[in-house]
Amino acid sequence: MDQFLYGIPVVGLIFEAIGYLITVLPVIAPITYSAAVPIAFAAMCGVMCERAGVVNIGIEGTMLVSAFVGW
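Quick note: the sequence shown uses the numbering used here, first residue 36, plus one each step.
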């Protein structure tokens with residue numbers, strides 16, 4: 036019976052973490068996606084240029100501008 040009593044706080048912490056994620060995740064997810072999309076597009080552009088054999092000398096500026104837009 037004592038092991039069950041020791042497990043109650045652990046189960047409570049797990050339920051609290053799940054409740055926190057259910058409450059906060061719908062608020063944070065759109066913000067995260069909107070900030071990550073420009074940076075991901077710039078990274079994909081850089082990868083496509085490198086795979087095609089084109090030396091993109093402005094890739095650093097593209098990354099910086101996309102980071103500022105994402106921020």
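Here a beta-carbon is modelled for each residue, glycine too, at the ideal position from N, C-alpha and C.
C-alpha gap between N91 and L99, whole angstroms: 14 angstroms
Going by the CB atoms, is the gap between P61 and S101 shorter than 7 angstroms? no
Under three-state DSSP, which class holds V90? coil
Mind reading off the beta-carbon distance from A70 to G105? Whole number of angstroms is fine, and I expect it under 8 angstroms. 5 angstroms
I'd like to check one pair, I94 with G81: are the Cβ atoms closer than 7 angstroms? yes
Backbone CA spacing between E51 and Q38 [nearest angstrom]: 21 angstroms
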